[in-house]
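Taken in order, the sequence shown gives residues 1 to 1051; the numbers are from the UniProt record's numbering. Yeah, the Cβ is synthetic: ideal placement off N, Cα and C, and Gly gets one too. Inspection log for the structure reproduced underneath, given as structure tokens.
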Amino acid sequence: MGLTKTQVLQKLGKLPNSVQEADLILKDVIHSVCSGELSLHEVVEGLSSSLTHTSPAERSAGTRLLADLLHSLPSSSLNTAQITFLVSFFVDRLKDHHSVIPNVFYACLALVKQEVIDGEDVRKLIQGIFREVQCQSHIMSDRRNIYTFFKYCILNKHQDLEALGTDFILGLVTAVDGERDPRNLVLVFSLVPVIVQSIPTGPFTEDLFEVVAAYFPIDFVPPVNDPYGISQEDLVLGLRRALASTPLFAPYCLPLLQEKLDSDINSAKLDALHTLVSCCEKYSGEDIRPHVIPLWHSIRREVVDGIGEGMEQAALSALTAVVTTLNKGPISPAVLQATQSLVQMSLNECVPHLTTPEQRLVFPSARLLLALVVAAQGPATTVSAAVVPLLAEQSRTKKEETAQRNTIIILGKFLGAAAAFPDLLTGGLGQHEEVWWTALSLALSQPVPQVKEAAVVALTAALPALSHHRLSAAATTLTSALLDSQRQEKLKSCIVSCLAALGRLHPSAIVDHVLPHLLVEMERDVCDNDQWVKEVQVLDTLAVLTLAHSQVSQVLPLLWDRTKASLAKKPGEIERAIHYLSCVRKILVNTLEEPECREYIVNEWCGIKQTMALAVSAIWECQDTAKLPSVMAELSAICRLLLATVSEPHGLVESLVSVAIGGSVVQSSGVLSEVLATHPKASTLLFTGLIGNEDSPRAQYMVYMAEGVLMGARSLPESAAGILSQLRKVVWGPELEEKSEGAREGKQEVRRVAAILHASVINKLPKGVSLTRSLEETWSDVMRELEVGVSKGKRRWALTIATWTCKALILRGAEEWKQWCARMQELLNDALIGMEAAHNFGTIVKDHDYALTSHTHANIRLLHKQRFFESVVGPLVELFSTTNDIKTKSCALVAIASLLPWLPHIVLNAHIQKLLPVLLQGLNTSDFSKIGEASINMERNDARCGSETRLSTLTTLASLLKQNASPAERHTSTLISFLMPLTTYHPLTVRVKALECLAALVTLPVSVILPYRNEVVRGLRSALDDRKRVVRQAATHTRSLWILVGAPGGF
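Here you go:
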């Protein structure tokens, strides 16, 4: 039960010193006021003993409670009379003791937010603060309340401020002058744009500008571990917005920027250039006009000097912004004269350098003129008329290779920039089209590869300036150059990129002038290796250029027919079929999003039917069983892409499942029925199911088509669970004798695909009885095959199924994953497959190329990797720490190291103290020699676990130490002793990462690392002579850092 009115007033008459007790009283007062038991006047009267007390502390407590009450009340709770009474009270309190005034600021902020506050009362509060308060004499939080109060008044009460006139500007300038706290400066800078848009600044415009311009340029560097999160960029951007907020600042801001541009401080120059760009968005041509020539000289100096790419780009952007501003809106004669003077001066200073294209200044001069061209049509017309004919003629007269190359590249850039203005295409550029097109054509026919590459780059830039008939001629020329460039990869890449850009501008040019030549080239009989290399180039080009419906309908059937022909020929042709299918896949990736192309591919060309029919033919007819998995993998990828376009794939899925388990397809309809009807040999293959028999051992390859359909489908029906048992039998089926190593590897790949598909089906099955039953059956079968007495081969494949099933369950967030994960942890103790189980922990968190990803419509919950790691890291670390068996210890270490590269650093940071001792063991060379000994009887891949685990550990450790090295402070001695030997006589990546870890350690306190400085500096001498440059660079950087440890001005 709440307190009575009398009890509340009694408590108000005697406020406690405790903040907690004062908060309790405040809650009671708020309840009484909101319920109507107490009026605001009664509250003030109840606080009279505190508000009029002789002690400033008592008055401060009473004022604070009243201010807190006002902030807690709804904005509509006070009437005008109450607000006027409180305004008068708090304005009077501004004369009180300095310890009371901060609470008055807080109360004023609450009062001004009341809905019915009168404009006169707002002005009284503002004038009271201006008159009685020396803002900069108060602490940061109190000043912030004042600025927040002003900002609220400007945003929401600006009409009430108009009566104050320029007195408000003067008072505000006085209040903020001298502010130094970065948190408040961000707020102050945000006030200026609002003020200049809402309130006339009058004669105090310059004062308002100067009060913020005093901070330009910002040189604030936030302290380490800044709890407030104010960055230098926050201040820079805030100040920039303030300076560029109004054209009224132009007479003061532009001279300031000019001054900074002429200084010797690069950071100030860069900030001035960026600010100039922002100012040009608000300023007019008249504002810029008086400063055009000085700005040109400063900008030109920064571009020509070439201090850095960032500085040059900022200077060019500033020049473009200045010229754009001069050409926007109504242009006065004075502004027009200034623009013409700037352009003419630019031509006079830059064109002479264009005539010496072999010298350094040619490109800076060209970039300056290009900045004028892209700014506006007027300067573009003048500059293009002067430069384009000159460059076109120069490209023919200059014979030196560098001069030719530079000239043609610059010509292309000018043509591309000027083409942005349509009037120029029909005007100045159009008049000289024959001249510059001839120059480009001659450059394309040059025998020097570097000149030809430059010509292609220039043509790519100039494409928008070409008419349609020139684009057609360019397409023909480029195609001929492409077919002649088989040994010049860089040139070929440039030509393909140019053709792709040309196709986007003029698609019919590709259809009429490029594809016919490429297809004719493909139709030639392949009689030597050079011709095959050229055909591969043609396929790569087709994959990039085939984008429109007219192109797809012409290219796709031809590629498909050649694939069929290659599969039916001798085994040597299979490699070509793989290339054809790869080209088809790339074309589908580029075109299936386009509705017209998708309609043709799916419905007219019947892509799914074509893919399944070709798969059946490949399985039945292909003679090269070593290459057959690669063919089927490409067909599976194509099928996945096509199935993703089908909105209702369940019918096809159910038919395929029926076929896969050896059932009847008599009642099926759709694609499978059509394949059976048109392919006589399909029935024999399909009715054997996935398992196959002695008469049809190749039926197992149908798993690829099952993969294409089941992974490509956006969802699966419950009936898809019927294929799981068949997939498990494929995975651990009988080993069939194969004559070649390639064929054996192909069979192994079929098993892996089946295991991955098994996991994908489990991941996509809908919740229900079918999923539960399937998981129970899978668990029973896998556990039986994992028993110790089973052959090692079957146990390994059972482990593969267990790993991928666990991954599938983790991704979909099913609780059953914990059961599977616990079994995998138990297998770390297994002498035969423990190391493989350890590596498979990485498989669970590592993203596959296509399986169990969003591209194959997997069921994925957010943060699944984090949940898995949080669950297993504790048991794995405990197993590593407690076991005495070297094999088990090494398996636990490998399991942990396998997880690290695939997890976000924020997750690892939370466990760094727990992981660091394990990571240190992962670096210990002697420990890895033991692991190598423990792996002698294991598979060849497992024997390499020491080197792989060490690299994984080093990579993760380097990243963690770069972010925060402090957790390593207790282990500094051990860490240095383990890292130093790794900087020599180890793989390159290990040496580099070890050096990165050592470099990160210098951020530790000097008292911790100083005792090791001499040891590290001496030990790194040998790394300075490493045979690899990247190691020498890393060693030089790391050793330099350690030399500076403890030195004056160093770490």
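Does DSSP put residue i in a helix, in a strand, or in coil?
i        : result
Pro-766  : coil
Arg-300  : helix
Ile-126  : helix
Gly-62   : helix
Tyr-850  : coil
His-506  : coil
Gly-722  : helix
His-758  : helix
Pro-182  : helix
Thr-883  : coil
Ile-293  : helix
Gly-1046 : coil
Leu-954  : helix
Cys-498  : helix
Arg-1039 : helix
Glu-933  : Reliability of the predicted coordinates at Glu-933 is poor, the pLDDT of 45 falling under 50, and no value is obtained from them.
Cys-606  : coil
His-97   : coil
Ala-1034 : helix
Phe-105  : helix
Gly-310  : helix
Thr-402  : helix
Trp-817  : helix
Hey, quick one: how far does the alpha helix (DSSP H) through residue i stretch, first residue to last?
i       : result
Tyr-252 : 250-261
Lys-269 : 266-282
Val-451 : 449-462
Gln-377 : 377-397
Gly-834 : 834-845
Asn-909 : 905-909
Glu-286 : 285-288
Cys-597 : 595-599
Trp-436 : 433-444
Ser-550 : 549-568
Pro-357 : First-last for Pro-357: undefined, no H or E at that position.
Tyr-704 : 702-712
Pro-330 : Counting along the chain, Pro-330 falls outside any alpha helix (DSSP H), and DSSP gives it neither H nor E.
Inspect the beta-carbon positions of residue i and residue j and report whether they are closer than 8 Å.
i       : j       : result
Thr-509 : Leu-471 : The amino acid at residue 509 is misidentified as Thr; the sequence shows Ala. Going by C-beta atoms, Ala-509 is nearer than 8 Å to Leu-471.
Leu-916 : Leu-908 : no
Thr-641 : Gly-712 : The question names Thr, yet the displayed sequence has Leu at residue 641. Result yes, Cβ atoms of Leu-641 and Gly-712 sit closer than 8 Å.
Leu-832 : Lys-792 : yes
Arg-823 : Asp-781 : no
Ser-75  : Lys-113 : yes
Trp-732 : Glu-777 : no
Tyr-252 : Phe-209 : yes
Leu-483 : Lys-534 : yes
Leu-466 : Ala-474 : yes
Leu-995 : Leu-957 : no
Val-653 : Val-730 : no
Lys-413 : Ala-443 : no
Ala-754 : Leu-852 : no
Ala-802 : Trp-820 : yes
Arg-301 : Ala-338 : no
Run the proximity test for residue i: is its beta-carbon closer than 7 Å to any non-hydrogen atom belonging to the ligand FAD?
i       : result
Ala-473 : Judged by which ligands are present, the structure shown has none, so any question about the ligand FAD falls away.
In chain order, each alpha helix (DSSP H) run of at least 4 residues that lies wholly inside the segment 620-652: Listed in chain order, they are 628-643.
Whole runs of the alpha helix (DSSP H) within the segment 976-1017, excluding any shorter than 4 residues: Segments of the alpha helix (DSSP H) lying fully in the segment 976-1017: 988-1000, 1006-1009.
Entirely enclosed alpha helix (DSSP H) segments - the segment 199-236, minimum 4 residues: Within the segment 199-236, the complete alpha helix (DSSP H) runs of at least 4 residues are 205-213.
Inside the segment 122-167 only - alpha helix (DSSP H) runs reaching at least 4 residues: Correct list: 140-156, 158-161.
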